[in-house]
Amino acid sequence: MCQIVKEEADSKVIMVGPHATALPEETLKDANGAVDVICRGEYDYTVLDVVRCFEGCGDLDDILGISYIKNGEIKHNASRPFIQNLDELPFPAWHHLDIMKYFDGQKLYPYIDMISGRGCPNRCIFCLWPQVMHGLKYRLRSPKNVVDEMEYDIENWPKLKKGEIFFEDDTFTVNKKRAMQICKEILERDLDITWSVNARANHGDLELFKMMKKAGCRELLVGFESGDQGMLDRMNKNLTLEQSRAFVKLAHKAGLVVHGCFVLGLPGETRETMEKTIKFALELNLDSVQFSAAMPFPGTVYYKICEEQGLIKAKSWEDWLDGGEQSTVVEYPGLSREEIKYSLY
C-alpha cells in the first residue's frame, strides 16, 4: 500500500486525446514545458497512475502509455493495452458539471452522453477515434451495466426525463443481439427515458429498430457520407447506396428519426461527386442532415495520404481552425478548398 505524501506542490498538466496521442513528441515540443505528461490512447487508468505518481507513489518510468520529458529528453513509454472489462470503470462524474449549461441542437435538452462500447470494426480512412484512441475491436459493456448507468443518471438528474441520453458508440447497432438485450433491460426496468444512438447504414434491421423504438430510442445518427459509390469505396466505407436507401426506409417504418451525416472532400472528390452527394441526401428523405468537410486528423490513414501527396495547405495548427471545426485544410488538383467549403453551405 502506497503512503501518500501530502505536501504542497506545483500544479501539473496532463494532456490526453487523439491529437496528443498521434503526435506526442511534437505536442510536448510545442508546449515548451507547459505540459508535464501526455497519456496516450485509452487513458482511464493511465491518468490515475500519473496522478498517484505525482502524489509520491511510483515513478513515471514505470507507467505504460505515457510520453514525458525527463532530464531534457522526451521519453515514450510502451503503450498500454486496451481495457477489456469496461464494466469495471466507474460511471462518469457528471456531478462535477452543471449539465443544464450544455446544449446540442441535434439532441433534446438536457442531454448526457454515454459510451456503452469502445472501438469500431470498420476501417473508414478518415475516422479518428477507432484509428487513434479505441481500436478496431468493438469492446462491449454488459447490458446490465449500461442500463445501471442510465438508471443512475435519471435518479441523479431527473430533468433528463425531458431530455435524452445519447450513445456515443461508433456502432451501437452493429451487434444486434447485444442491442436487443439493452432494450429488453430498459423495458424490464420500466425506465421512462428517451435516447439516441450512432448507427451504420449497412446494419438496417426492422426487428431491432422496432425494439429500440419501444424502449425509448428517438433518433439514429448515421454516416451515409457520400452519394457516389466510387467515393464510398475509396473511403473504405463498406457501404452501398442501396443499403443507405433501405436503412432509412426501415428506420422510418419503425418510427425512428434519422439524422444523416455526409463528408465532402475525401480523395477522388470532384464538383460532380459533391453534387451527387447533395442530391442523394435530399433523395433519402432524411429528417435532418449535416455536411462536413473531410479533415485529415493525425494518426488516420487519410492524414497519411494527404501528407504523402502534399495535399494539406495549412502551415500551422492554428490554420486548422480557419473557417471552423467543419471546414477543411486540404486542396486537390482541380478542386480547391474554397470549392469544398462552398459545397458545405
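Residue numbers (my numbering): 91 to 435. We put the beta carbon where it would ideally sit given N, CA and C, even for glycine.
A contact between stretches requires three or more CB pairs, one per stretch, nearer than 8 Å, and the region 247–264 meets this requirement with the region 201–211. The way I'd put it, the region 133–146 doesn't touch the region 181–199; fewer than three beta-carbon pairs between them come closer than 8 Å.
With respect to the C-alpha of residue 260, the residue from 226, 237 and 239 having the closest C-alpha is 226. Restricting attention to alpha helix (DSSP H) runs no shorter than 4 residues, the region 274–328 encloses them at 296–304 and 319–324, ordered along the chain. Residue 190 is classed as exposed because its beta carbon has fewer than 16 other beta carbons within 10 Å across all chains shown. Residue 129 sits in a strand when the DSSP states are folded into three classes. With fewer than 16 other beta carbons inside 10 angstroms of its own, residue 423 counts as exposed.
Shortest Cα-Cα distance from residue 195 to any of 336, 378 and 156 involves 378. The three-state secondary structure of residue 144, taken from DSSP, is helix. According to the DSSP assignment, residue 256 belongs to the beta strand (DSSP E) that extends over 254–257. By alpha-carbon distance to residue 302, the top candidate from 268, 316, 250 and 387 is 268. For residue 111, the closest of 156, 151, 139 and 102 by C-alpha to C-alpha distance is 156.
Residue 382 and residue 362 have their C-alpha atoms spaced approximately 17 Å apart. Taking all protein chains shown into account, residue 334 has 16 or more neighbouring C-beta atoms within 10 Å of its C-beta and is therefore buried.
For residue 353, the enclosing beta strand (DSSP E) stretches over residues 347–354.
Per DSSP, the unbroken alpha helix (DSSP H) holding residue 110 starts and ends at 108–112. Residue 234 carries a helical assignment under DSSP once its states are collapsed to helix, strand and coil.
Here the alpha carbons of residue 354 and residue 430 stand approximately 7 Å from one another. If you draw a straight line from the Cα of residue 304 to the Cα of residue 288, it is about 17 Å long.
Judged by pairs of C-beta atoms under 8 Å, the region 270–286 does not touch the region 211–228, as fewer than three such pairs exist.
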